[in-house]
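Residue numbers (the numbering used here), protein chains in the order written: chain A, 1 to 142; chain B, 1001 to 1142. Each residue gets a CB set at the ideal place from its N, CA and C atoms; glycine is no exception.
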DNA sequence: AATCTACATTATAATTATTCTAAACTATTG
DNA sequence: CAATAGTTTAGAATAATTATAATGTAGATT
């Protein structure tokens, strides 16, 4: 989704009515320089603050899933207790900081292409993603 | 954990009392030729059948987590709605079949070593794992 | 072998994350 | 500006997981 722009039009193009809540969500999610990783709860807090009024959890879930379906958000699974979404929807790799629970996108050139030598008959590869878990040097690793 | 063996002794060595339930869980989980992927619910069903009596969900959760803490099970996150455990606790890669929701371990030689060119200052790499999502050729991909 | 004690198991309650529901609301169309 | 179809909302429902407190049991002590 394009930055710094008229989200009202963008939403309409997607076939989603540009409601107050959705426009604000777009601003929070897509009006930024860099990739953004968040949980639903993060987002509910941010939107409520920005809107200066409460937003329903259900609305946030609905809208996040609508954006996901349209290809503007992507779900990332790191561990079972946290579900992240990512505004970078391309196939890409991640660093995960086990100290801070922070998720960091890998750049295009941070990891060499992965060479897969096995293939599964009748199946084609849809995505190849690498997760690199890091932690501070002097800490007990997981 | 070693196959085909006296799990009573094994459990004791781990500092876990060899209860009926734990011994049965060991038999179901570790008495097998190949890696096994399962959800908690899968396991509850299997254990109950094997034991011919009910087992409490809480016990299965407790014991799975105890085994995980001791390093005999590993949790795998594929997507947010399913939490898998894996009897293969080494760092290894996976194929995930999006048609059947089946998780398949990669062999040692199925994927070439991943070359990571970026490093994060003050952090060391704890693990590098690749997830290859596959689906049948003639299907709409995710 | 009987007893003791700490750890385990259990049923159930509590908690958390997510989805559903039905009523109230609102953007769009005519 | 009225009609209507899609949206938001609070709250209920569901599902997964964890906590609780009573009961049971393995292993040590007598």
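Checking the DSSP bridge columns, you'll see residue 1094/B partnered with 1105/B and 1131/B. Under the three-state reduction of DSSP output, residue 1077/B falls in the strand class. Secondary structure at residue 1119/B: coil, using DSSP grouped into helix, strand and coil. Counting along the chain, the unbroken beta strand (DSSP E) around residue 1083/B starts and ends at 1082–1086.
Note on residue 1096/B: 16 or more other CB atoms within 10 angstroms of its CB, so buried under the neighbour-count rule.
By the C-beta density criterion, residue 1105/B is buried, having at least 16 other C-beta atoms within 10 angstroms.
For residue 1120/B, at least one C-beta of chain A is nearer than 7 Å to its own C-beta. In chain order, 1068, 1083, 1084, 1085 and 1086 place their CB closer than 8 Å to the CB of residue 1075/B, counting only its own chain and leaving out the 5 sequence neighbours on each side.
In the structure shown, residue 70/A falls within a helical segment according to DSSP collapsed to helix, strand and coil. Shown here for residue 12/A: same chain residues with a beta carbon closer than 7 Å to its own, the five before and five after excluded, namely 18 in chain order. Cβ proximity to chain B below 7 Å picks out 109, 110, 111, 112, 114, 115, 116, 117, 118, 120, 122, 123, 124, 125, 126, 127, 128, 129, 130, 131, 132 and 133 from the stretch 108–133 of chain A. In the displayed model, residue 41/A falls within a helix according to three-state DSSP. According to DSSP, residue pairing for residue 1136/B in a beta bridge involves 123/A.
Where residue 54/A is concerned, there is no enclosing alpha helix (DSSP H), because DSSP gives it neither an H nor an E. DSSP places residue 17/A outside any alpha helix (DSSP H), giving it a letter other than H or E. Proximity of residue 1136/B to chain A, defined by a Cβ-Cβ separation below 7 Å, is satisfied. Taking all protein chains in view, the Cβ of residue 1057/B is surrounded by fewer than 16 other Cβ atoms within 10 Å, so the residue is classified as exposed. Contacts with chain A at 7 Å (Cβ-Cβ) do not include residue 1041/B. In summary, the residues of the stretch 84–97 of chain A whose CB is separated from some CB of chain B by less than 8 Å are 95 and 97, in the order they occur in the chain. Only exposed fits residue 1034/B, as fewer than 16 other CB atoms lie within 10 angstroms of its CB. Within chain A, no residue has its CB atom less than 7 Å from the CB of residue 1062/B, the nearest being about 16 Å off.
A straight line joining the alpha-carbon of residue 1039/B with that of residue 1123/B spans about 32 Å.
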